[in-house]
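Novice: In this note's numbering, the protein residues as written are 524 to 882.
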């Protein structure tokens, strides 16, 4: 098999063989608040907040919340009051990306097995080993735990909004991580990308956008409570909306990585995507998927959605594994991949959909 077949993005082509799209500037078109909930829909929202009570050199504390709500077909007001069908919470203490303690509500004593695990693929394997039922069940708790890998990778970026010398204050391990060659790990860092320095390290000048609250002022119940944690903090946020029309399941999803701002104003986002997808209600296989970036750090990142349609036809429940196989390295974006992998939980959400209206 040729190098191009194995790593097409490294050679400037998509999985289809077409040239990758090129852009002059990074995208900075924030999506704004979440859309209003649809009658007859289910919504999952999730946030992982990171704080550093003892400063940048201390442990990072993650507090995560997730909630599933059902919006009935009829109800009072323009947006019906939702019914909560599932919730989850986690508290995590980590030293850099090594888990020191992980606890949850609902309680899962098995999480003690994650102590000492380093975030990334290894942590995900340990989560699956400790709590296999959470992944199979597509639970809110599993989404929180699975997202620790990505949130812990990006979270330290929040300090760049608050101090100019944040890189010099990183730990030895953190400096090693940042100094590692990044060339080829994703479509944004493909060979020849302007996002890489001459020695293959990320260029520190990253695009970011001021963003308003995710909560739609006309739908304050559309999100679980978002806590203003003050000071330097990072937040990874997800929203997944699911509804059905005939034999088609529809999905509209949002994703954002953001940091607090020193001036106390709107948050600052470095990653934003919105995704729309459809699936066959009978087979629960993916029919279509489109991803659109709102904010990304480098202009090369804008090519990330080009290969998502390679997943069409895959059973939703298989996406957590299939995305990693199909959109690996320069064929995809780490953060968009996590968004696509979370579509594996759509069947769980669809099981809560209210019965269709008669007539």
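All residues carry an ideal CB built from backbone N, CA and C; glycine is no exception.
Extract the residue ranges of the beta strand (DSSP E) inside the segment 609-649, only unbroken runs of 3 or more that lie entirely within it.
Specialist: For the segment 609-649, whole beta strand (DSSP E) runs of length 3 or above, ordered along the chain, are 621-628.
Novice: DSSP beta-bridge partners for residue 773?
Specialist: Against the chain shown, residue 773 aligns to sequence position 250. Residue 773 is bridged to 766, 801.
Novice: Within the continuous beta strand (DSSP E) that includes residue 809, where are the two ends?
Specialist: Translated into the one-based positions of the chain shown, residue 809 becomes position 286. Note, residue 809: beta strand (DSSP E), 809-818.
Novice: On the DSSP bridge list, what partners appear for residue 794?
Specialist: Counted from its first residue, the chain shown places residue 794 at position 271. Answer is 780.
Novice: Taking residue 854 and residue 538 to be in contact with their CB atoms under 8 Å, please state how far apart those CB atoms are, rounded to whole angstroms.
Specialist: Along the chain shown, one-based indexing puts residue 854 at 331. Along the chain shown, one-based indexing puts residue 538 at 15. About 6 Å separates the two Cβ atoms, so the contact holds.
Novice: What residues in its chain sit with their C-beta under 8 Å from that of residue 771, if we drop five residues either side in the sequence?
Specialist: Along the chain shown, read from residue 1 onward, the residue named residue 771 stands at position 248. Only 801, 802, 803, 804, 810 meet the Cβ criterion.
Novice: Use the C-beta contact count for residue 844: other C-beta atoms within 10 angstroms, 16 or more gives buried, fewer gives exposed.
Specialist: Residue numbering aside, residue 844 sits at position 321 when the chain shown is read from its first letter. With fewer than 16 Cβ atoms within 10 Å of its Cβ, residue 844 is classed as exposed.
Novice: Please give the ranges of any alpha helix (DSSP H) in the segment 818-854, keeping only runs that are unbroken, at least 4 residues long and fully inside the region.
Specialist: Taking only runs of at least 4 residues, the alpha helix (DSSP H) segments lying wholly in the segment 818-854 are 842-849.
Novice: For residue 580, verify whether its CB is less than 7 Å away from any heavy atom of the ligand SAH.
Specialist: What this structure holds is no ligand at all, so the ligand SAH is not there to describe.
Novice: Can we say the segment 834-850 touches the segment 863-872, given the rule of at least three CB pairs closer than 8 Å?
Specialist: Touching, yes.
Novice: For residue 721, is the classification buried or exposed, using 16 other Cβ atoms within 10 angstroms of its Cβ as the cut-off for buried?
Specialist: As a working mapping, residue 721 is identified with position 198 in the chain shown. By the 10 Å Cβ count, residue 721 comes out exposed.
Novice: Any idea if residue 741 is buried or exposed, counting beta-carbon neighbours within 10 angstroms, 16 or more meaning buried?
Specialist: For the purposes of this step, residue 741 is identified with residue 218 of the chain shown, where counting begins at 1. Its Cβ having fewer than 16 others within 10 Å, residue 741 is exposed.
Novice: Give me the Cα-Cα distance between residue 644 and residue 650, rounded to the nearest whole angstrom.
Specialist: Translated into the one-based positions of the chain shown, residue 644 becomes position 121. Translated into the one-based positions of the chain shown, residue 650 becomes position 127. Taking the straight line from one Cα to the other gives about 10 Å.
Novice: Which two residues bound the contiguous beta strand (DSSP E) that contains residue 566?
Specialist: Reading the chain shown from its first residue, position 43 is the one you call residue 566. Looking at the DSSP string, the run of the beta strand (DSSP E) that includes residue 566 is 564-574.
Novice: When you compare only the Cα positions, how much space is there between residue 639 and residue 797?
Specialist: In the chain shown, counting from the first residue as 1, residue 639 sits at position 116. In the chain shown, counting from the first residue as 1, residue 797 sits at position 274. Whole-angstrom Cα-Cα distance: 34 Å.
Novice: By how many angstroms is the C-alpha of residue 862 removed from the C-alpha of residue 890?
Specialist: One cannot answer for residue 890 here, as it falls past the ends of the chain, which runs 524 to 882.
Novice: Less than 8 Å between the beta carbons of residue 533 and residue 714, yes or no?
Specialist: Your numbering for residue 533 matches position 10 in the chain shown. Your numbering for residue 714 matches position 191 in the chain shown. Yes, the Cβ-Cβ distance between residue 533 and residue 714 is below 8 Å.
Novice: Looking at the unbroken beta strand (DSSP E) that takes in residue 589, where does it start and where does it end?
Specialist: For the purposes of this step, residue 589 is taken as residue 66 along the chain shown, with counting starting at 1. Run containing residue 589: 583-594, per the beta strand (DSSP E) assignment.
Novice: In angstroms, rounded to a whole number, what distance separates the CA positions of residue 829 and residue 546?
Specialist: Translated into positions along the chain shown, residue 829 becomes position 306. Translated into positions along the chain shown, residue 546 becomes position 23. Distance between the alpha carbons of residue 829 and residue 546: 13 Å.
Novice: Classify residue 552 as buried or exposed, calling it buried when 16 or more other Cβ atoms lie within 10 Å of its own Cβ.
Specialist: Within the chain shown, residue 552 is the residue found at index 29, counting from 1. That one is exposed.
Novice: Figure out for me which residue from 856, 857, 839, 879 has the closest Cα to the Cα of residue 871.
Specialist: Translated into positions along the chain shown, residue 871 becomes position 348. Taking only the C-alpha atoms, the option nearest residue 871 is 839.
Novice: Of the choices 850, 807, 634, whose alpha-carbon is the least far from that of residue 656?
Specialist: Locating residue 656 in the chain shown gives position 133, where the first residue counts as 1. Of 850, 807, 634, the residue nearest in Cα terms is 634.
Novice: Could you check whether residue 764 and residue 561 sit closer than 8 Å to each other, using their CB atoms as the reference points?
Specialist: On the chain shown, residue 561 is found 38 positions in, with the first residue counted as 1. On the chain shown, residue 764 is found 241 positions in, with the first residue counted as 1. Yes. Within cutoff.
Novice: Pull up the distance between the alpha-carbon of residue 583 and that of residue 667, whole angstroms please.
Specialist: By one-based count along the chain shown, residue 583 stands at place 60. By one-based count along the chain shown, residue 667 stands at place 144. Distance between the alpha carbons of residue 583 and residue 667: 16 Å.
Novice: Using the beta-carbon count (16 or more within 10 Å), is residue 568 buried or exposed?
Specialist: As a working mapping, residue 568 is identified with position 45 in the chain shown. That one is buried.
Novice: In the DSSP assignment, the alpha helix (DSSP H) including residue 869 goes from what residue to what residue?
Specialist: Position 346 of the chain shown, counting from 1, holds the residue named residue 869. Taken as a continuous stretch (DSSP letters only), the alpha helix (DSSP H) holding residue 869 covers 869-873.
Novice: In whole angstroms, what is the alpha-carbon distance linking residue 594 and residue 588?
Specialist: Position 71 of the chain shown, counted from the start, is the residue given in the question as residue 594. Position 65 of the chain shown, counted from the start, is the residue given in the question as residue 588. If I take the Cα positions, the gap works out to 19 Å.
Novice: My assumption, with CB atoms under 8 Å, is that residue 625 sits in contact with residue 613. Please give the rounded CB distance.
Specialist: What you label residue 625 is simply residue 102 of the chain shown in a count that begins at 1. What you label residue 613 is simply residue 90 of the chain shown in a count that begins at 1. With a Cβ gap of about 7 Å, residue 625 and residue 613 count as contacting.
Novice: Based on DSSP bridge pairs, tell me the residues matched to residue 719.
Specialist: Locating residue 719 in the chain shown gives position 196, where the first residue counts as 1. Bridge partners of residue 719: 725.
Novice: Can you tell which of 777, 754, 731, 767 has the C-alpha that lies nearest to the C-alpha of residue 737?
Specialist: As a working note, residue 737 is residue 214 in the chain shown. Among 777, 754, 731, 767, the Cα nearest to that of residue 737 is on 777.
Novice: Can you say whether residue 788 is buried or exposed, counting buried as having 16 or more other CB atoms within 10 angstroms of its CB?
Specialist: In the chain shown, the residue the question calls residue 788 occupies position 265. Classification for residue 788: exposed.
Novice: Can you tell me whether residue 859 is buried or exposed? The criterion is at least 16 other CB atoms within 10 Å of its CB, across all chains shown.
Specialist: In the chain shown, residue 859 corresponds to position 336, counting from 1. That one is buried.
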